[in-house]
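One structure below.
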Amino acid sequence: MTATARPPAWRATTLAALVSVLVAWVLLCPALQAQSAAGGSYFVPGEPKLGMRAFFDKGCARCHSVLGEGGRSAPDLARAPAGHLSSAELLAAMWNHAPSMWEKMRIESVSPPKFTEGDMANLFAFLYSVRSLDEPGDPARGRRLLEDKHCLQCHRTGATGGGSGPDLLKWASYRNPVSWVQAMWNHAPAMQSRMTARGVQWPLFEGNDVPDLIAYIRLLSPNASKPTYLRPADPQAGRRIFREKGCASCHAIGSNGGSGAPDLRSRTLPRTLGQFAAAMWNHAPGMRASMQAQNIPRPQFTNKEMADLIAYLFAERYFEPAGNVARGARLFDDKGCAACHRPGGIGPELSHVSFSPSRMAASLWNHGPVMFQSMQQQQITWPRFQPGEVVDLIEFLSSRTAPTRAKGGRR
Amino acid sequence: METDKERAPNTQDWKLLHPVLATRRSFYYLGMCFLAFTVVAFFAWLRQLRFGLGVTGLNVPVYWGFYITNFVFFIGISHAGTLISAILRLCHAEWRRSITRAAEVITVLVLFFGVGSVIMDLGRPDRLLNVLRSPNFRSPLLWDVCSISVYLTASTIYLYLPLIPDIAILRDHGARPTFLYRWLGLGWRATVKQKRFLNAAIAVMAVLVIPIAISVHTVVSWVFAMTVQPMWHSSIFGPYFVVGAIFSGIASLIVVMALIRRIYFLQDYLKPIHFNNLGLLLLVMALLWFYFTFAEYLTTFYGSDPSHLVVFYSKLSGRYAVPFWIMFVTCFVIPVSLLARRKTRTITGTVIASVSVNIGMWLERFTIVVPTLSQPRLPWAKGHYSPTWVEVGITVGFGATFMFLYMLFTKFFPIVSIWEVQEGREQAVPEVVTRVRSYLPEETVPSA
Amino acid sequence: MTFEFDRRSFLKFALGGAAGTAASGVSLKGLSDLNAALANEQVRVPTGPESWATSVCTLCPGGCGLRVRLIGQRAVKIQGNPLHPVNRGGLCPKGVAGLQELYHPDRLHKPMRNAGSRDNPRWKEISWEEALGTITGRLRGLRDGGEARSLVVLDRPRSGLLPRLQRQFLAAYGSPNYLVMPTGMDAVQAALRFQQGITEPVAYDLANSRYVLSFGVNLLEGWGAPVAVMRAFARWRDVASGRRTKLVQVEPRFSITAARADEWVALRPGTDAALALGIAYALISEGLYDADFVREHTFGFEDWRDAEGEFHLGFKSLVNSEYRLNDVSAITGVPADTILRLAREAAQNRPAVALGDRQTSSLPGNPYAAMAVHSLNALLGSIDLPGGVLVQQALPGSNSDSERSPGSPPPALVLSAGELPQAILSRRPYGVQALLLNQADPVFSMVNGDEFRRALREVPFVVSLTAFLDDSSQLADLVLPTATALESWQDTGPPPAVANALLAISPPVVRARKDVRHPGDALLALARSLGDKVAAALPFANYEAYLRRQVDGVFAAQAGAVFGSNLEETWDRLMERSGWWAPSYSTSEQLWEQVKQQGGWWEPAYSYGEWARVFRTSSGRFEFYSQALAQAARQQARAAHTGGSAARIDDRACLPHQTVLPETSSNFPLLLLVVEQLPLSGGQGAHLPYLQQIAGEHLFASWDSWLEIHPETAHQFGIEDGAMVWVESRRGRVQARARIYEGARPGVVHLPLGYGRATGSPWACRGANPLQIVEQQSDPVTGMPLNSGTHVKVYRA
Amino acid sequence: MPRWGMVIDLAKCTACQACVVACQTENNVPCVPPEQAARGRIISWISVLPQLEGEYPRLTMRPTPLPCVHCDNPPCIRVCPVGATGINPEGVVRQIFARCIGCRYCTNACPYTRRMFNWYRPEFPGEFTEALNPDVSVRPKGVVEKCTLCHHRLQKARDQARAQNRELAEGDYIPACVEICPAGAMYFGDLDDPNSTVATLARGRRAFRLLEELGTKPKVIYLAQGEWSGGDGQGART
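Keeping their order, the protein sequence lines are chains A, B, C and D. In terms of our numbering, the first sequence opens at residue 3 and continues consecutively. In terms of our numbering, the second sequence opens at residue 111 and continues consecutively. In terms of our numbering, the third sequence opens at residue 205 and continues consecutively. In terms of our numbering, the fourth sequence opens at residue 6 and continues consecutively.
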């Protein structure tokens, strides 16, 4: 009994859906804007705190955890899969693992939760924010790093170490890797010249290096229990800074911006804010050189500016660049979607729906189990998608609905 | 008139009217004595009404104690009369004639105390009518209400019907208060028609009353047996209780007979043979009772359900061992040893046995009600039940009041049925001869 | 004729039936009337609009958050505040029963003056003005006479800001003597002081522990913040978490905690130290201990030589020589393989934490045993790490300067409340002229209560702040009635054993039902009327204003969060862990409003492994060999041999060790151990019927104290269950009902704490106070009491 | 139509008895005076049953919070002669205080001993009357009372849901004992809703009912304590 069999009914349904979407949009839009204006920490659709509630209330936390909070029988979604995931990649990961999750739920006789699109947007926002958080470091590693990176050749930590560099314990109360990198960034040219003078290699910080260092330095300071935190950053301000400090002249975000430097939306850039900042530090000498070459003044940042800037970049990284309709169409056929999702097919025809990652994730959860079951009956394997493929597919599906066409997954 | 002649009691039976017509001083003393207990009971009850059942020794989980024991005991005794008299009547046991009335009166009077015990036990006696207003027919207690009220009605009628001719005698004798006898006499003239009517009615009632009586005590037992509580939930409780009831009923009858015989000098009417026969019946019941008790406890023991065994051992060797073994001695050892031998089946012997049986049967009810409740399935604090003066007072008061009312009855109505004795003397002897003859093979030569 | 007979009979029957029914109807109606006339049972419950208010519980130091249901002006129900991080909506029975304290019939109505003598008090109600005037006059007199230091304040254990206010008051007035009643954490706290150099309250990250070895700690019977412990306990056994934390309870008696534990290790009373050292031996000999931690962060593990080249015994040598498994098994009565198994399990299930030693709130455990237990934590590497022993975070804004008097403060009279009566009686180092009991009842709840009784008689001026008349206020000159939790502003700080900094503040929920005041209000009023420096130091109109000012300090810390839901807590913690702080307030005013509404502010994240903060010994490490103790011992030795500067001290006195148990005597063949139960935890709560009803539930012994005795022991001494018996020690005897309990150790009897007041609500005066007969020795080096039970005899009353 | 039920996790229960006191304050259950308590007349709709077994030092105690278990097949309602107790369509075994004649047959028929009798007129000394909950009637002397699963709370929750124009959601209606439990060892909800927490827990391997063998079909379900079985992550399993 597909919708096409009863045109008047689906027409009415669609109309109602459209009207309600319109009404919801009219009602929600100001609310969403108000939220982001009032210091919603991220520039991504959805409210991470509400997403967290969904994560716990809908039972995700029964098996999954985030940064150690929650169940233990399924992966920690803040840590796995490794690397940075945009919204579309989150969806792809979810899509690919969905059948095994449903299977596990069936064994434990838990019925899969239902999500609205809003829930899913919140959940995505939550996961994305949590994935961008740094975890407290390992002081033992930090101590080794401090030696390996030859920090103590210049810096002191209380009584140990020496040289002309400032006492690192001064910053012991700073808990946020971003503020450390900011302080380092501003002094990078001076440090660089000292280092070259002493023949010390420019230290590169990989993975959780910076938090590890912070953790170790914190141990050394008896007054560290009064911490200094960073306030949540403002991506809007970050966007301004990105423009004003001239970052855009070299860096591109997606397709917009300069081409002299890496695309900041690149998938290979690290997952957390602190690591992202550290990557910036790692490239500081190179950037300085190319800035000097292009005669661009080297930007200095305040603590807040640095945080805002990174927040802006992370907000941008949430979205994938627009997909390719043609590739999407091919995928639709190749993965076997078209076999069912066609006029008169067994599945609903998808031509009148516009998709975003969160909407697609919501429908995956709401209809997926049934779909999976009927696929199993027909011995069709569950299709798996590579991250880029999902964007293409969404682009293709959305392209078929002219009026509410979504662009690049962004609402 | 022919009837008039018949109505006048045989002069040799005048004796039976004596208690009604003349009262000795000792009667009043004894009556006052009993009434004193009644007053105590009444005060105890008022106290209980005012403060609630807290004044009793009941607690959690022993929610039922003396009152319900009394209830079962009194209802049990009520089987004395009606059932025994009805069975004897239907069997044409001719020795019954002088004892039926005494038995029937016990039934009717004691039923009130049975019902009274339940009312004593209610937390809200003022809401008693809720039983009629919103009855729940699934409750064994409501079955009790029905069967007891039917039983009360039936046994009252059954007492009253054979009383009518005697009332008429009293009426004609001018006994006071005259209006009472005139009113109750119902214009009895001992016409043939009336007699036929009366005999038919008595016969019908006798047949009716037996199943009712059995049902009553079965239902009383079901109050316990229909729950799932250990050592209550038993399928033989019905017959077990009925046997126990008849057992205690006969015993009380023997005691009452002995008292009447002694006080009103009715040695001519209540003869050793009566005691002997009732004693034999009592012996049979004692054996039956033992059989049931044995069966009940043996099955429990073999069933080995832990929750049952806890109750079982609390009776055999635990907190309730003393009442249990006293019960066993008084219900079985004493009566059987006294009644089994002809030498001890004397009036004294049967009376001793009967008193002992009555004590024993009260204890039997007690050891059925309380041990089960004090050993609930879940290990709560085990209840320690000991009655307060209120319960003891009401129990004793009930006994005393029962005896007082019985005494009162003997002052208004002949306790030995005059007309039945007469009838026995005049008609039964030839009847028995005919009947016995009918049992025998037909004689080939007709006798003269 | 027949017809007539029939009709007549029918009519008569009918009439009779009708009459009967009517009669019975009338009589039932009569019964009902009689019933109504004899007992009027209408209980009218007034209704009104429903509302909810936030408050905090002050019945124990746990300080749970409350939500109070109000119908009109009546508080009708106390529930847990779901936003409060300590209890998260749950509440212990004590908190729920707090409602009865508000409406208690025996509460004090007005301030009272003793118009009679100390021995024979006659109480006369007076006004607050008069009462405060009297105190002001007295205190002025003392200060003007240069005897300000002779004022002593004895407080009950509490968290929150009131201790701070009292210290500030005393500092401004010129007295160093702020004392607090013992909490039962004393032994552990001593271990922390000797081995970590820490005086801050100890805390445990119980929720994250995977193996908990409790040495006599009554975790589920009122220890620490009871609800927080119960929540941790529930987390240990949360199936969803996929693993279970093992709780091992080491205790001679089968307590509720032992019953709920995964394993109960029954040991000989007073031998906890030996068992802990036996486990330490097993850990060391099997190489299961955290060698990294021991190497990096501890001192005195191996044998060592000091600066003067003198040899000192190390912890390892000590346990290897004296606490081998068979020796320990012989001392403790615990099989050697059990000890070995415990050691292995603890080593394999980290984080593992060891708690103890402790007896009850009034009887601190043995400090050496506590050191032995704490040494296990060091061996297991469970100090200041998740699931281990932590040090409580300080409340921001605690400005210790304002709590100290300007210039050099006079020397404190005594160090602990227990020593106070001796000081009063001996007038050394100086006499006590005035004593303020702030909701403290030492006569009832201290072991040396009779000494206190004598001492209080010696003090010229005693003021007692209390909601109920008690044994100590009976000896006071003035009794000031205090408000109950729901009637006044309340605040609590981080509860015992909880690591996170916390400040809960709540406005009054109902109007005061009597002429009562919060101690803070009384103290501030006193400060005002004393004028001068005291008034200047505490320029607050009332306690609310004081609290408001303290919140400024919290705001200035720029950290933490207002109480929120579980989710918000997690969110805030995740954020703070990675260095972000997203407060829900931007001004101090907003913070104040939110705190009042939600219940408080706290710091959801704890920074683990800050060694510099948690090891403040002279070595900067955890000290198996306590150098602080060594110093104390050296000083003592020096004092003993006057001039003998090179006094040699026994190394064992500075290391954890099993102390010698008191000799048994044939006159007193049994050992008495006092037990604590949740409803009357801390010995408090006997005045509340709800709590009396549920106390002693394992024996169905409500409303009365009982003597637990093992069936064999009972048989041996001819004692039956339920019999009244005398329990007699060298100090005296008390009467209690003997209860046979399988969980009592043969040869050991138990009396519960909290019963047997002499004065106060008749409900609280039931049963016997075991502290009256408890004996205590004190350790020569530390001066701390060693509790290892009291020898008693038991005989029928 | 929901079927209300409770799940009590015995592994988490700390035997603190907060449920007992919370129930008493919520439902206007009076505290009986000490001498009455000594006679075993404490009224508590939920009590913690200690269940001590064994000999020193091999003892076990399984403290079990026990409210009325609200049998689906309750032995008590059959025996009431006046129909003062019954099971409603939502499975709650209720007592009509105004109709009860106080015969205590139901208290005796209950194998769990979870029905209480008012031996005296309830006493609320001093101002304790001020703490009475207007949602629950104060029972007179001489009637039987029992756990109602805080039925008044259900009515309130229903009214509130209706006012907000929505269905009753899980967690809207929770009895006082479940609400207070500091260890979160008690769960409450609709057993017929397969997705509810209680239904999920009741299906689990640890679930059992008290005196199940009597066929009373209780709707209070216990989860077995389980044992610690080594630190291999399987410790929480039974």
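Beta carbons: idealized from backbone N, C-alpha and C, even for Gly.
For this session: Label B/W124 either buried or exposed according to how many other C-beta atoms from any shown protein chain fall within 10 Å of its C-beta, with 16 as the threshold for buried.
Result: exposed
Exercise. When the cut-off is 8 Å and only beta carbons count, does D/E232 lie next to chain C?
Worked result: yes
For this session: Flag D/D114 as yes if its beta-carbon sits less than 8 Å from any beta-carbon of chain B, otherwise no.
Result: Inspection of the sequence shows that residue 114 of chain D is occupied by Ala rather than by Asp. Put simply, the CB of D/A114 is near chain B, with a gap under 8 Å to one of its CB atoms.
Problem set entry | Partners in chain C for D/Q29, counting only beta-carbon separations shorter than 7 Å | Under the 7 Å cutoff, chain C gives Y894.
Problem set entry | CB contact check: D/I47 to chain C, cutoff 8 Å | For D/I47, the nearest beta carbon of chain C is closer than 8 Å to its own beta carbon.
Exercise. Can you name, in chain order, every residue of its own chain whose Cβ lies under 6 Å from the Cβ of B/L126, other than the five neighbours on each side?
Worked result: P524, V526, I528
For this session: Would you identify the three-state DSSP class for A/L352, choosing helix, strand or coil?
Result: coil
Problem set entry | Listed by chain order, chain A residues near C/R781 by CB distance under 9 Å | Here the neighbours are L69, L135, D136, E137, P138, R177.
Exercise. Any idea what DSSP makes of A/W187, helix, strand or coil?
Worked result: helix
Problem set entry | Helix, strand or coil at B/F476 according to DSSP, with G and I counted as helix | helix
For this session: Ignore the nearest five residues each way along the sequence and tell me which others in C/D390's own chain have a CB closer than 6 Å to its CB.
Result: P568
Problem set entry | Distance between C/L295 and C/P700 (C-alpha atoms, nearest Å) | Taking the straight line from one Cα to the other gives about 16 Å.
Exercise. Expressed to the nearest angstrom, what Euclidean distance is found between the alpha-carbon atoms of B/R134 and B/A368?
Worked result: Distance between B/R134 and B/A368, taken at the CA atoms: about 19 Å.
Exercise. When the Cβ atoms of the segment 431-438 of chain C are set against those of the segment 405-413 of chain C, are three or more pairs found closer than 8 Å?
Worked result: yes
For this session: Using three-state DSSP, classify D/K222 as helix, strand or coil.
Result: coil
For this session: For C/R752, collect the residues of the same chain with a Cβ closer than 7 Å to its Cβ; drop the 5 residues on either side in sequence, then sort them by chain order.
Result: W796
Exercise. Name the chain D residues that come within less than 9 Å of B/V329, Cβ to Cβ?
Worked result: Here the premise fails: no neighbours, minimum Cβ distance about 12 Å.
Problem set entry | Rounded straight-line distance, which links the Cα of C/T696 to that of C/F806 | For the record, residue 806 of chain C in the displayed sequence is Trp; it is not Phe. So the two alpha carbons sit approximately 11 Å from each other.
Exercise. To the nearest whole angstrom, what separates the beta carbons of C/V357 and C/Y382, a pair I think is in contact under 8 Å?
Worked result: 5 Å
Problem set entry | Assigned exposure category for C/L874 - 16 Cβ within 10 Å defines buried | Using a 10 angstroms sphere on the CB of C/L874, the tally of other CB atoms reaches 16 or more, which defines it as buried.
Problem set entry | Three-state secondary structure (DSSP) of B/A146 | Three-state result, B/A146: helix.
Exercise. If we call anything under 8 Å between Cβ atoms a contact, is C/V452 one with C/S418?
Worked result: yes
For this session: Can you give me, in chain order, the residues of the segment 72-102 of chain A that have a beta carbon less than 8 Å from any beta carbon in chain C?
Result: G73, R74, S75
Problem set entry | Residue interval of the alpha helix (DSSP H) (run including C/A376) | 366-377
For this session: Starting from A/Y176, follow its DSSP beta bridges and name the residues at the other end.
Result: Note: A/Y176 is bridge-paired with A/T230 in the DSSP secondary-structure output.
Exercise. If you run the structure through DSSP and keep just helix, strand and coil, what is B/Y516?
Worked result: Of the three classes helix, strand and coil, the one that applies to B/Y516 here is helix, per DSSP.
Problem set entry | Cβ neighbour criterion (16 or more within 10 Å) applied to A/T198 | exposed
Exercise. In or out: C/R715 buried (at least 16 other Cβ within 10 Å) or exposed?
Worked result: Answer is exposed; the Cβ neighbour count stays below 16.
Exercise. In angstroms, rounded to a whole number, what distance separates the CA positions of B/G534 and B/H384?
Worked result: 15 Å
Problem set entry | Beta-carbon proximity check, C/S788 vs C/Q798, cutoff 8 Å | yes
Problem set entry | Beta-carbon neighbours of D/N32, restricted to chain C and to distances below 8 Å | Neighbours of D/N32 across chain C, judged by C-beta separation under 8 Å, do not exist; the nearest C-beta is about 10 Å away.
For this session: Give the straight-line distance between the Cα atoms of A/L148 and A/W173, rounded to the nearest whole angstrom.
Result: 15 Å
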